[in-house]
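S.K.: Mind having a look at this structure? Questions to follow.
Protein chains: 2
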Amino acid sequence: MAHRRREYGQYCGLAAAMDVIGERWTLLIVRELLLGPRRYNELLEDLPGIGTNLLADRLRTLVELGVLRQRPARDGGRAMAYELTPIGERLRGPVLQLAGWGMSFLGDPQPGATMRPRWGFLAVQALIDPNKVGPVDEDYEFRVDGEVFHVAVRGGRAIAESGAAVDPAFVATTDTATFIQIGSHRLTPFEAVASGRLNLQGERDALIRCSTALGMMDASPAPVSA
Amino acid sequence: MAHRRREYGQYCGLAAAMDVIGERWTLLIVRELLLGPRRYNELLEDLPGIGTNLLADRLRTLVELGVLRQRPARDGGRAMAYELTPIGERLRGPVLQLAGWGMSFLGDPQPGATMRPRWGFLAVQALIDPNKVGPVDEDYEFRVDGEVFHVAVRGGRAIAESGAAVDPAFVATTDTATFIQIGSHRLTPFEAVASGRLNLQGERDALIRCSTALGMMDASPAPVSA
DNA sequence: CTGCATCCGCCTCGATACTG
DNA sequence: CAGTATCGAGGCGGATGCAG
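As given, the protein sequences belong to chains A and B, one line each in that order.
For what it's worth, this note's numbering labels the leading residue of the first sequence as 298, then goes sequentially.
For what it's worth, this note's numbering labels the leading residue of the second sequence as 298, then goes sequentially.
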C-alpha cells in the first residue's frame with residue numbers, strides 16, 4: 298500500500314523539495330539512478346537495509362511525482378528498469394553538492410560500512426570544480442576496484458562518464474576506500490602513492506591539471522572531528 | 298533525551314551528508330539560519346508543526362556535529378542564539394540548489410500553507426545564475442510583505458543581502474505569494490505587474506539585466522503537474 | 001527468479017504538559 | 001524564554017508470502 302506522505306505545508310521551494318525527496322532513502326535511490334537506469338533488485342542490492350516494501354513505496358511515489366519513470370531494461374526480457382526523468386536529472390547538481398559537503402564527515406571506513414566503486418565515481422563528479430578546469434582537451438581514467446570510468450575535459454568543461462577513456466593522459470588505479478579518502482581530503486595522492494594504495498601512470502603535467510580541477514591542490518581543509 | 302540517530306552505514310559522501318542533515322526538519326532549520334542567527338523560540342515560530350522536543354533534539358545534534366553553534370543573542374541579555382558554523386555555512390550551495398529544484402513543484406498556495414517573506418529572500422538567492430550576471434555594478438531592491446532585501450552586483454558577481462540597497466537601480470514591491478510564484482515560473486513579472494500584484498520603479502534596462510540574472514528571461518519551463 | 005505486498009515490533013515523530 | 005518529560009500514532013526495518 299502507498300502511504301500518505303507527511304508534508305511540511307510551507308510555501309517554499311526547499312520545503313517543497315523536502316516533501317518530494319526528504320524521506321529516508323529517497324535521495325540515495327536518486328544517487329544510484331544518477332549512474333544510469335537500474336532494476337528493482339539491483340537497487341535492493343545497492344541499498345543494504347532498505348527493506349523491500351520501502352523501496353517499492355519510494356519508487357512508486359517518485360514515479361507518481363514525475364521524478365522517475367519505468368522503461369524496459371537494456372538486457373531485453375520483460376524486466377523493467379527505473380530511470381530519472383528530466384526533472385529527476387535536475388537533482389544531479391544538488392545531490393553532487395550535498396555529496397561534496399558530506400565527504401568532510403567521512404572518517405575512517407568502519408568495519409560494518411558498505412563500500413561501492415560506484416560511489417567513488419560520484420565522488421569524482423562532486424569534486425570537479427568548473428572554475429578550475431584548464432583550457433585543455435584530454436581524458437583522465439580511473440580504475441577503482443575493477444570499475445572503470447573517466448573524466449573528459451573538452452573546451453574548459455569536464456564531464457565524468459563511465460567506461461574507459463580512449464587515449465587517457467593518465468590512468469589512476471586504486472581501491473574504493475583509498476579513492477574516497479583522497480576525495481575527502483583525508484589522504485593526499487602523494488601519501489596514497491607512497492603507501493602503494495594508488496598507482497599512477499601517464500603524463501605528470503596532466504596529473505597536476507587533474508588534481509587542480511578536482512580541488513586536490515588546495516591547502517587541505519582539516520577533516521571534521523566527529 | 299538525545300536519541301540515537303539512525304545511520305546508513307555507507308562509506309559515501311551523500312550517505313554521510315544524509316546521516317547529518319537527512320532527518321526530518323533538519324534542513325529547514327539550516328534554511329532559517331542561512332538568513333542569520335536565530336533564537337530557539339524564533340525557530341519554533343518559523344517552523345510550525347515541529348514540536349519543541351524535536352527542535353531541541355535537532356539543535357543539540359547539529360551543535361555536537363559542528364554544523365551549528367550557540368552565541369549570545371544580539372539583543373543583549375543572557376539569551377542565546379544559534380548560528381551556522383563555517384561547516385554549516387557550506388550548506389548554502391546545496392540548500393539553494395535544492396530550493397531551486399523544489400520550486401518547480403510549488404502549485405498554487407494552499408489555504409493551510411504557511412508563507413514567510415524570508416523564504417522569498419531565499420528564493421532570490423536560489424534563482425541567481427552566476428553565469429548570467431552582467432558586468433555591471435548596481436543594486437536591486439525587493440520589498441516583500443514589509444521585509445526588505447537587495448541583490449548587489451559587483452564585478453560580475455551577485456550577492457543577496459538583507460536590508461535596503463543604498464542606491465538601487467530599481468525597487469520591486471510585492472507580496473510573498475506573488476514573489477514565490479514568479480520565482481517558480483508560475484507567473485511572469487509582466488503578468489504580475491498587469492494584475493497589480495507587483496510594482497516596479499526604476500531603470501528599465503536594469504530590470505532586464507536583473508531578470509536575466511534570475512533566469513526570468515528564458516522560455517518558461519512548464520510547471521510540474523502534481 | 002523478479003517484483004512486489006503483507007505482517008509485526010520498534011523507533012521516530014508530533015502534540016501536550018510541565019519545569020527552571 | 002528555553003527547553004525537558006511523557007505518550008499515542010505512525011513511519012521504518014526485517015522477515016515472510018506470493019503471483020507472474
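Just so you know, even glycine gets a beta-carbon here, dropped at the ideal spot from N, CA and C.
Quick caveat: nothing in here was measured; it's all calculated off a predicted structure.
(1) Ignore the nearest five residues each way along the sequence and tell me which others in ARG440(B)'s own chain have a CB closer than 6 Å to its CB.
(2) Run the proximity test for THR471(B): is its beta-carbon closer than 8 Å to any non-hydrogen atom belonging to the ligand FMN?
(3) Assuming PHE476(A) is part of the alpha helix (DSSP H), what are its boundary residues?
(4) Please list, in chain order, the chain B residues whose beta carbon lies closer than 7 Å to that of TYR379(A).
(5) Mapping DSSP to helix, strand and coil, what is ARG454(B)?
(6) Counting only beta-carbon atoms, is ARG357(A) nearer than 9 Å to chain B?
(7) May I ask you to report which of helix, strand or coil DSSP gives ALA410(A)?
(8) Just the Cα atoms here: how many angstroms apart are ASP472(A) and ALA423(A)?
(9) Flag this pair as touching only if the segment 423–435 of chain A and the segment 354–366 of chain A have three or more C-beta atom pairs under 8 Å; answer yes or no.
(10) Report the three-state DSSP secondary structure of ARG301(B) (helix, strand or coil).
(11) Can you give me the C-alpha to C-alpha distance between ASP436(B) and ALA462(A), rounded to a whole angstrom?
(12) Among ALA313(B), GLY443(B), GLU304(B) and LEU393(B), which residue has its Cα nearest to the Cα of GLY404(A)?
(13) Looking only at its chain, what residues have a beta carbon closer than 6 Å to the beta carbon of GLU444(B), apart from the 5 residues adjacent to it on each side?
(14) So, with DSSP's three-state summary, where would you put PRO432(B)?
(15) Tell me the rounded alpha-carbon separation between LEU311(B) and TRP398(A).
(16) When you check each C-beta in the segment 373–407 of chain B against every C-beta of chain A, which residues fall closer than 8 Å?
(17) Kindly indicate the opening and closing residues of the beta strand (DSSP E) around LEU495(A).
(18) Verify the CB distance criterion: does THR509(B) have a CB-CB separation below 9 Å to chain A?
(19) Indicate the three-state DSSP secondary structure (helix, strand or coil) for LEU504(A) in the structure shown.
(20) Looking only at DSSP bridge pairs, what is LEU365(B) linked to?
(21) Based on Cα-Cα distance, which residue from ASN496(A), CYS309(A) and LEU325(A) lies nearest to TRP416(A)?
(22) Does SER522(B) pass the burial test, meaning 16 or more other C-beta atoms within 10 Å, or should it be called exposed?
(23) Between which two residues does the alpha helix (DSSP H) holding ILE326(B) run?
(24) When the Cα of GLU458(A) is compared with those of ASP464(A), PHE446(A), GLU488(A) and ARG371(A), which residue comes out closest?
(25) Measure the beta-carbon distance from LEU341(B) to THR349(B) and round it to whole angstroms, keeping in mind my assumption that it falls under 8 Å.
(26) Helix, strand or coil for TYR308(B), going by three-state DSSP, please let me know.
(27) Excluding the 5 residues preceding and the 5 following CYS507(B) in the sequence, name in chain order all residues of the same chain whose CB lies nearer than 6 Å to its CB.
(28) Can you list the residues of chain A that MET412(B) reaches, using a CB-CB cut of under 7 Å?
(29) Alpha carbon to alpha carbon, what distance is there between ALA299(B) and PRO432(B)?
(30) Taking 9 Å as the cut-off, decide whether the C-beta atoms of GLY409(A) and GLN407(B) are in contact.
(31) If the criterion is Cβ atoms closer than 9 Å, does the pair PRO391(A) and GLN394(B) meet it?
(32) Which stretch, first to last residue, makes up the alpha helix (DSSP H) that contains PHE487(B)?
(33) Of the choices ASP464(A), GLU380(A), PRO383(A) and SER401(A), whose alpha-carbon is the least far from that of GLY385(B)?
M.R.: Working from what's here:
(1) For ARG440(B), the CB contacts under 6 Å within the same chain, skipping 5 residues up- and downstream, are THR470 in chain order.
(2) Annotation note on the ligand FMN: not contained in the displayed structure, which lists no ligands.
(3) 473–480
(4) Residues of chain B passing the Cβ test: none, with the nearest at roughly 18 Å.
(5) strand
(6) For ARG357(A), the answer is no, since every Cβ of chain B falls outside 9 Å of its Cβ.
(7) coil
(8) 18 Å
(9) With fewer than three CB-CB distances shorter than 8 Å, the segment 423–435 of chain A does not count as touching the segment 354–366 of chain A.
(10) coil
(11) 46 Å
(12) Ranking ALA313(B), GLY443(B), GLU304(B) and LEU393(B) by Cα distance to GLY404(A) puts ALA313(B) first.
(13) Residues of the same chain with a CB within less than 6 Å of the CB of GLU444(B), apart from the 5 flanking positions on each side, are PRO414 in chain order.
(14) coil
(15) 8 Å
(16) ILE384, ARG387, LEU388, GLY390, PRO391, VAL392, GLN394, LEU395, ALA396, GLY397, TRP398, GLY399, MET400, SER401, PHE402, LEU403, PRO406 and GLN407
(17) 495–499
(18) no
(19) helix
(20) LEU381(B)
(21) LEU325(A)
(22) Since pLDDT at SER522(B) reaches only 49, below the 50 mark, its modelled position is unreliable, and no value is offered.
(23) 323–330
(24) PHE446(A)
(25) The distance from the Cβ of LEU341(B) to that of THR349(B) is about 6 Å, consistent with a contact at the 8 Å cut-off.
(26) coil
(27) TYR437
(28) TYR308
(29) 50 Å
(30) no
(31) Cβ distance < 9 Å, so PRO391(A) and GLN394(B) count as in contact.
(32) First-last of the alpha helix (DSSP H) with PHE487(B): 486–491.
(33) Closest option to GLY385(B), Cα to Cα, is SER401(A).
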